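Undergrad: This is the structure I want to talk about, given as structure tokens.
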Amino acid sequence: FFSISSGVASLALVNTNAAAATGLVTWVVIDAIRGHVSISGSCVGPIVGLVAVTPACGFVQPGWALLIGFIATAVVYFLLLNKHHMHFDDALDVAIVHGCGGILGAFMTGLFPEKSVNPINGADGAFYGRPIQLWYQIAGILTAIGFAAACTAGILFPLDLIMGIRLDKEDELQGLDIAAHGESWEINASRAVCDLVKKVLQEQGTTREGAEDTGTFELHYKPKNPSKKSLKIPLFKRKKSRHSQLDTNPVNNNQLQYNHNETMFNDDDINTQSTNTNIIRF
218 FFSISSGVAS
228 LALVNTNAAA
238 ATGLVTWVVI
248 DAIRGHVSIS
258 GSCVGPIVGL
268 VAVTPACGFV
278 QPGWALLIGF
288 IATAVVYFLL
298 LNKHHMHFDD
308 ALDVAIVHGC
318 GGILGAFMTG
328 LFPEKSVNPI
338 NGADGAFYGR
348 PIQLWYQIAG
358 ILTAIGFAAA
368 CTAGILFPLD
378 LIMGIRLDKE
388 DELQGLDIAA
398 HGESWEINAS
408 RAVCDLVKKV
418 LQEQGTTREG
428 AEDTGTFELH
438 YKPKNPSKKS
448 LKIPLFKRKK
458 SRHSQLDTNP
468 VNNNQLQYNH
478 NETMFNDDDI
488 NTQSTNTNII
498 RF
């Protein structure tokens, strides 16, 4: 981010850090308003700010860099909240954080640049009487998307034909730590949870193929050791459809439906190697 070699290196440095700091503050504030500040969010916020300001860092004043970081972070946060409606596979949120963050930054580079900031390579943007720069940026965004899509397709389609690039559904639900890497420390916990879920389904008399919309499952873990905290996990949320299937995405507290099913388990229900609640992952 700091490899700028014209006469605006110091400005680019200030803008880059300003946008990253704004991304951090914006993300943490939104998290706090929603009731939970997370470490992962505190890491993602600065990344969004860095990604967004990269096209503009050598062409705008620091005040605009702050605004770029704020707008991009707020929009990306909203998109991540609604990612489950988009139906695409992006486990690390790369498409939204880097893709959408970069698109927003490139777009705003057409709004806020000043020729006086970078007299050699710069140009005025739409806010300074030159709206054509915004259209140049849009053309650049579309070109970059097309180039990236073509290159990605040129790599992935041959790989899919030769060896396949999609996991089996069961392996995808379990995770590659178990399916491919054989991480034994997590296998016991995952098997224990799978057994508990089967127990809930059997008690209800339902199956994966023919489940009605009955809300969410909750697992309650009550350890024998008083030094360990009890655990309540919202596990599944059913989708309403003609052929209903279980959705294995974790359910946020504010998404819990009124009708839900609970089951209790303790140390006797789980293999002793998996009673540490820190390794029961969803």
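The sequence shown begins at 218 in the numbering used here and counts up by one. The beta-carbon is built from N, C-alpha and C at its ideal position, and this holds for glycine as well. Since the model is a prediction, treat every value here as computed from it, not as a measurement.
Report back the beta-carbon spacing between residue 241 and residue 255 to the nearest angstrom; my notes put them in contact at under 8 Å.
TA: No, residue 241 and residue 255 are not in contact; Cβ-Cβ is about 12 Å, not under 8 Å.
Undergrad: For residue 338, which residues in the same chain have their Cβ closer than 6 Å to its Cβ, ignoring the five residues on either side in sequence?
TA: Contacts found: none.
Undergrad: Answer yes or no: do residue 239 and residue 280 have a C-beta to C-beta separation smaller than 8 Å?
TA: No, Cβ-Cβ distance for residue 239 and residue 280 is not below 8 Å.
Undergrad: So the candidates are 294, 314, 372, 370; which of them puts its Cα closest to the Cα of residue 248?
TA: Comparing Cα positions, the closest option is 294.
Undergrad: Can the beta-carbon of residue 350 be found closer than 8 Å to that of residue 336?
TA: Contact: no.
Undergrad: Can you tell me whether DSSP reads residue 389 as helix, strand or coil?
TA: Here residue 389 sits in helix by DSSP.
Undergrad: Count the other C-beta atoms from every protein chain shown that fall within 10 angstroms of the C-beta of residue 228, then say buried if there are 16 or more, exposed otherwise.
TA: Counting Cβ neighbours within 10 Å, residue 228 comes out buried, since at least 16 surround it.
Undergrad: Counting Cβ pairs closer than 8 Å, one from the segment 346-366 and one from the segment 312-332, do we hit at least three?
TA: Counting Cβ pairs under 8 Å, three or more are found: they touch.
Undergrad: Do the segment 306-322 and the segment 267-277 make contact, defined as three or more Cβ pairs closer than 8 Å?
TA: Output reads yes: the segment 267-277 touches the segment 306-322.
Undergrad: Are residue 275 and residue 225 closer than 8 Å when you measure CB to CB?
TA: It is a contact, given that the beta carbons lie within the stated cut-off.
Undergrad: Span of the alpha helix (DSSP H) holding residue 251?
TA: Where residue 251 is concerned, the enclosing alpha helix (DSSP H) stretches over 226-251.
Undergrad: Tell me the rounded alpha-carbon separation between residue 376 and residue 397.
TA: Those two C-alpha atoms are separated by around 18 Å.
Undergrad: May I ask you to report which of helix, strand or coil DSSP gives residue 287?
TA: Residue state, collapsed to three classes: helix.
Undergrad: Could you round the C-beta distance between residue 277 and residue 334 to whole angstroms and report it? I think they count as a contact, below 8 Å.
TA: With 8 Å as the limit, residue 277 and residue 334 qualify as a contact, their Cβ atoms being about 6 Å apart.
Undergrad: Counting only the same chain and skipping the five closest in sequence on each side, list residues whose C-beta sits under 7 Å from that of residue 231.
TA: Correct list, in chain order: 279.
Undergrad: From residue 380 to residue 344, what does the alpha carbon distance come to, in whole angstroms?
TA: The straight-line gap from Cα to Cα measures roughly 51 Å.
Undergrad: Run through DSSP, which three-state label would residue 163 get?
TA: Given a span of 218 to 499 for the chain in the structure shown, any question on residue 163 remains unanswerable.
Undergrad: Residue 323: buried (16+ other C-beta within 10 angstroms of its C-beta) or exposed?
TA: Burial call: buried.
Undergrad: Measuring CA to CA, which of 386, 250, 253, 288 is closest to residue 237?
TA: Looking at the Cα atoms, 288 is the closest of the given residues.
Undergrad: Taking just the CA atoms, how far does residue 263 sit from residue 298?
TA: So the two alpha carbons sit approximately 18 Å from each other.
Undergrad: Return helix, strand or coil for residue 259, following the three-state DSSP convention.
TA: Residue 259 falls in the helix class under three-state DSSP.
Undergrad: Span of the alpha helix (DSSP H) holding residue 377?
TA: Note, residue 377: alpha helix (DSSP H), 349-379.
Undergrad: Would you mind listing the beta strand (DSSP E) stretches within the segment 290-346 that are 3+ residues and don't spill past its ends, in chain order?
TA: Within the segment 290-346, no complete beta strand (DSSP E) run reaches 3 residues.
Undergrad: How many Å lie between residue 233 and residue 296 at the Cα?
TA: Between residue 233 and residue 296, the C-alpha separation is close to 23 Å.
Undergrad: Mapping the DSSP letters down to three states, classify residue 275 as helix, strand or coil.
TA: Note: residue 275 maps to coil in three-state DSSP.
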